[in-house]
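**Student:** Have a look at this one before I ask anything.
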Amino acid sequence: MTRPVEVTSYVSWFEEDVAVTRAWAPPTGYSKYDIGDKSIGICFTQNGKEPMKGQFFESSGKWRTNIEDIKAEDYYLYGYAPHSAGISCEISSTATPEDWSKFDKGAVMKLKNVPTITGNDMCVVIGAKEGPNKETDNGLRRGDFKYSASASQTGNFVFLLFDHIYAALNINIKVHGDYDELRTIKLKNISLRSISSGSPTKEKTDITVTLAANDGTSNPISSVSFDPNGADSEEYEVFKSSEGTTLTTGYQSFVSYFMPTGVTKFIMTSVYDIYDKKGNKVREDCKATNGLVLSELFDRFEEAEKIGTRYNINLTIQPTYLYMLSEPDLNNPTMTIN
């Protein structure tokens with residue numbers, strides 16, 4: 166049995182990000198968090214009691230929770246998004262495992278088996294509040310996790326604030342104008358592998374997030390630590406299109422998210438088809454591999470460290486010797502970093 170709820174989520178902006186137009190204003194610095202068809206991992210906690218762990222998920226256009234024994238009482242909500250198969254959560258009110266004594270003061274949450282590179286914006290809850298309807302909260306703010314549940318089977322409105330625990334990699338790709346007059350590029354796949362100290366990062370990571378409740382004056386995330394584990398990471402598929410997406414002379418954005426600590430480089434592999442301007446396919450499944458060394462792309466950069474930072478990289482597809490128009494060169498363009 167599931168319990169109906171109405172969930173509204175907001176996430177802090179990435180550094181370098183901009184505000185978006187929205188119907189009404191969430192807390193300053195936040196915008197609507199769209200997790201698509203993913204679910205939210207959630208923990209209903211009370212002092213001195215074992216947490217109830219489950220998910221908020223959307224089904225048939227309505228939000229529900231698979232946690233059944235929710236009473237009309239006060240809880241402290243901690244969680245993460247998006248939840249996916251394989252990710253598990255352990256939670257305690259302090260660094261001592263299974264210490265459930267003071268969730269009103271904060272929590273230590275350990276997320277296990279999180280992919281090191283993902284297409285999902287990994288975030289944790291930094292504030293929770295109930296509300297009388299889906300457009301009004303009862304004082305949602307960061308650092309306040311208290312949620313008063315309703316006994317009703319309808320009208321349970323949950324508002325959540327999220328903050329990022331990964332960094333974002335925004336790859337902008339365009340086609341050189343002269344080359345675009347001669348050929349059409351349809352991008353079919355982008356895959357990434359992150360590199361640390363010259364070696365691939367691990368495939369998975371365990372993330373420990375320490376949260377300290379407060380009066381809204383500061384971010385409740387007091388620390389985030391990563392413990393990479395498992396096999397070396399293989400290429401992660403950031404983008405896929407069986408038909409191919411037509412690239413133009415204007416930048417198109419392809420975004421992924423990654424565990425930032427120690428990352429110094431990305432290996433990017435892209436696959437694309439090439440057409441002449443009459444629509445004839447002249448090459449299929451061309452593959453290009455680029456090394457994106459972050460210290461060469463960003464000033465005063467040593468390694469990716471900061472969560473909630475978005476790294477923007479601009480790439481242009483063009484042939485090496487465009488004006489020679491040699492057939493091999495024309496049909497085997499390379500990517501250059503702007």
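So for the sequence shown, the working numbering puts the first residue at 166; every next one is plus one.
Note that CB positions come from ideal geometry on N, CA and C, so glycine has one too.
(1) By Cβ distance below 7 Å, which residues in the same chain neighbour residue 189 in space, the five residues on each side in sequence not counted?
(2) Alpha carbon to alpha carbon, how far is residue 265 from residue 241?
(3) In this structure, how does DSSP classify residue 344 when only helix, strand and coil are distinguished?
(4) Hey, residue 479 and residue 416 are a contact pair by Cβ (cut 8 Å); roughly how many whole angstroms apart?
(5) Run through the region 421 to 479 for me and flag every whole alpha helix (DSSP H) of 4 or more residues, listed as ranges in chain order.
(6) Assuming residue 276 contacts residue 294 (C-beta within less than 8 Å), just tell me the rounded distance between them.
(7) Roughly how many whole angstroms lie between the Cα atoms of residue 396 and residue 360?
(8) Using CA atoms only, rank isn't needed, just tell me which of 387, 450 and 483 is closest to residue 347.
(9) Just checking my contact of residue 362 with residue 456 at CB under 8 Å: how many whole Å lie between their CB atoms?
(10) Does DSSP put residue 173 in a helix, in a strand, or in coil?
(11) Taking contact to mean 3 or more Cβ pairs, one atom from each stretch, closer than 8 Å, check whether the region 336 to 352 and the region 372 to 389 are in contact.
(12) In angstroms, rounded to a whole number, what distance separates the CA positions of residue 274 and residue 460?
(13) With respect to 7 Å, is the separation between the Cβ of residue 456 and the closest non-hydrogen atom of the ligand GDP below this value?
(14) If you draw a straight line from the C-alpha of residue 435 to the C-alpha of residue 481, how long is it?
(15) Between the C-alpha atoms of residue 252 and residue 352, what's the straight-line distance to the nearest angstrom?
(16) Tell me whether residue 247 is buried or exposed, calling it buried when 16 or more other Cβ atoms sit within 10 Å of its Cβ.
(17) From the DSSP secondary-structure annotation, give me the bridge partner or partners of residue 337.
(18) Which partner residues does residue 322 have in the DSSP bridge list?
(19) Would you grab the beta carbon distance between residue 292 and residue 271 for me? Rounded to a whole angstrom, and I think it's under 8 Å.
(20) Let me know if residue 356 comes out buried or exposed under the rule of 16 or more other beta-carbons within 10 Å of its beta-carbon.
(21) Where DSSP assigns a beta bridge to residue 327, which residues make up the other side?
(22) Please identify the residue among 311, 409 and 413 whose C-alpha is closest to the C-alpha of residue 448.
(23) Would you mind stating whether residue 289 and residue 245 have Cβ atoms separated by less than 8 Å?
(24) Examine the Cβ distances between the region 256 to 263 and the region 221 to 233 and report whether three or more of them are shorter than 8 Å.
(25) Can the beta-carbon of residue 367 be found less than 8 Å from the beta-carbon of residue 398?
(26) Quick one: Cα of residue 187 to Cα of residue 354, how far?
(27) Quick check on residue 308: does DSSP put it in helix, strand or coil?
(28) CA-CA distance, residue 375 and residue 342?
(29) Rounded to the nearest angstrom, what separates residue 328 and residue 442 at their Cα positions?
(30) Are residue 421 and residue 284 closer than 8 Å when you measure CB to CB?
**Tutor:** On the basis of the data shown:
(1) No answer about residue 189 holds up, because its pLDDT of 34 lies below 50 and its placement is not dependable.
(2) 11 Å
(3) helix
(4) 7 Å
(5) 459 to 462
(6) 23 Å between Cβ atoms; not a contact.
(7) 13 Å
(8) 483
(9) Not really, about 15 Å apart at Cβ, beyond 8 Å.
(10) strand
(11) no
(12) 32 Å
(13) This structure does not include the ligand GDP; it has no bound ligands of any sort.
(14) 13 Å
(15) 31 Å
(16) buried
(17) 418 and 479
(18) 171 and 296
(19) That belief does not hold up - the Cβ atoms of residue 292 and residue 271 are roughly 12 Å apart, past 8 Å.
(20) buried
(21) 176 and 290
(22) 409
(23) yes
(24) no
(25) yes
(26) Note that residue 187 scores a pLDDT of 28, beneath 50, so its modelled location is shaky; the value from the coordinates is reported in the next line. Using only the alpha carbons, I get a separation of about 32 Å.
(27) coil
(28) 49 Å
(29) 45 Å
(30) yes
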